[in-house]
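Residue numbers (my numbering): 132 to 263.
We put the beta carbon where it would ideally sit given N, CA and C, even for glycine.
Since the model is a prediction, treat every value here as computed from it, not as a measurement.
What follows is one structure encoded as structure tokens, with my remarks underneath.
Pasting the structure below:
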């Protein structure tokens with residue numbers, strides 16, 4: 132069995148055993164990372180690396196950056212945190228959960244909170260789906 136297969140099996144096993152939906156979501160994100168970058172399987176197989184630990188790293192970020200009683204970890208930041216936990220190099224070569232390049236200057240939640248909404252921020256779903 133390859134490292135990739137063992138890493139995916141480990142993630143799936145952890146996801147099946149947990150009752151925490153957030154941990155399962157972290158597992159889905161890491162599964163996507165492995166699918167796109169199978170060479171990082173060794174990081175997932177690292178000693179002491181677990182989905183629970185990855186979730187706790189993200190939770191700590193959210194707790195430190197919450198505004199009032201709410202918090203949000205944007206997809207790019209979540210990917211950065213997960214990569215950091217697993218020791219995977221994070222940068223513009225990575226893709227976030229939406230399949231768009233990560234680490235390209237996308238404003239994170241704290242920057243978005245102070246940015247006024249403009250018509251340019253809206254998107255046209257019909258235009259995006261045209262031709263499908």
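Secondary structure note for residue 225: it is in no alpha helix (DSSP H), with a DSSP letter that is neither H nor E. At a Cβ-Cβ threshold of 9 Å, residue 217 and residue 175 count as neighbours. Inter-segment contact for the stretch 190–206 and the stretch 162–175 is absent: fewer than three beta-carbon pairs are separated by less than 8 Å. In the assembly as shown, residue 263 is an exposed residue. Its beta-carbon has fewer than 16 other beta-carbons within 10 Å.
Of the residues 202, 148, 186, 200, the one whose Cα lies closest to the Cα of residue 213 is 186.
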